[in-house]
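For the sequence shown, this note's numbering assigns the number 19 to the initial residue and increments by one for each residue that follows.
What follows is a short report on a single structure.
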Amino acid sequence: MSDGMGLRERKKQQTASRIFHTAIALFVERGFDAVSVQEIADAAEVSKMTVFNYFGTKEDLVFAPVEEHFGDAFRAVRERRSGESAVDAVRRQFLEMVENRDPSVGLHADPVSHQLRRLVVETPALMERAFLAVQKGAREMAALLGEETGDLMLGTVAAAMLSSARNALIEEHHRRQAEGEDIDRIVADAPERARAAFDLVEKGLRGYAVKE
């Protein structure tokens with residue numbers, strides 16, 4: 019919370035936070051589909067209209083804090099430095115997020131981030147929205163690369179590979195934590211694993227998994 023934030027803004031932020039945490043607690047306890055917006059409003063001691071004022075839909079109660087991160091790889095490519103390749107930009111951004119233990123890449127001990135992921139995985143409607151958001155980020159990256167290089171097909175291949183490598187790394191972080199592995203151990207391994215994943219993208223699949 020910013021020290022320079024006015025009283026009204028602080029109250030609005032506190033209200034949004036209370037609604038969000040109330041909703042997640044109810045969803046985790048009873049399941050996303052079993053909880054109504056009215057029940058969330060009652061538990062958070064606000065009106066149903068107030069909930070919709072802060073979160074446009076019931077699904078937004080889950081995705082509002084994290085949905086912007088589905089476009090992180092696209093933004094890394096769009097804002098890359100002069101002389102920097104697409105894979106270098108995505109790798110650099112990911113390593114920076116690893117260093118900061120960013121919850122969006124599965125490297126934070128905060129239980130809420132893991133509850134959110136489990137909730138999404140266990141709820142078909144939320145999984146569909148997450149899938150569409152991931153695909154939107156990949157399409158935006160493909161369009162950008164296609165425009166820059168003049169070859170949309172290869173831009174689409176590159177975007178798919180970069181997105182898949184990034185998603186696989188995040189999934190590994192979550193999986194290892196779900197299996198009870200210490201977060202510090204995962205964080206320590208994360209840079210090497212990230213470099214290996216993006217190196218595979220950079221070098222292509224030549225010689226990979228040749229069947230004997």
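We treat Cβ as the ideally placed atom computed from N, Cα and C, and that holds for glycine.
Query, Result
"Have a look at R211 and L187 and give me their C-alpha separation to the nearest angstrom.", "8 Å"
"Based on Cα-Cα distance, which residue from R147, L180, G164 lies nearest to T75?", "R147"
"Output the boundary residues of the alpha helix (DSSP H) element that contains R110.", "104 to 117"
"Among the candidates D207, V46, E197, R157, whose CA atom is the shortest distance from the CA of F88?", "R157"
"With H, G and I counted as helix, E and B as strand and the rest as coil, what does DSSP make of F220?", "For the sequence presented, residue 220 should be read as Glu rather than Phe. Of the three classes helix, strand and coil, the one that applies to E220 here is helix, per DSSP."
"Check the C-beta distance from F73 over to A82 and give it rounded, since I have them as a contact under 8 Å.", "6 Å"
"Just curious, the alpha helix (DSSP H) that G173 is in, first and last residue?", "170 to 196"
"Along the alpha helix (DSSP H) that carries E158, what are the first and last residues, could you check?", "142 to 167"
"Going by beta carbon distance, what residues of the same chain come within less than 8 Å of V53, once the five residues before and after it are set aside?", "A41, L44, F45"
"Taking 8 Å as the threshold (C-beta atoms), are T174 and A183 in contact?", "no"
"Is the beta carbon of R119 closer than 8 Å to that of H126?", "yes"
"Use the C-beta contact count for H191: other C-beta atoms within 10 angstroms, 16 or more gives buried, fewer gives exposed.", "buried"
"Below 8 Å between beta carbons: does that hold for F38 and L144?", "no"
"In whole angstroms, what separates the C-alpha of A215 from that of E77?", "32 Å"
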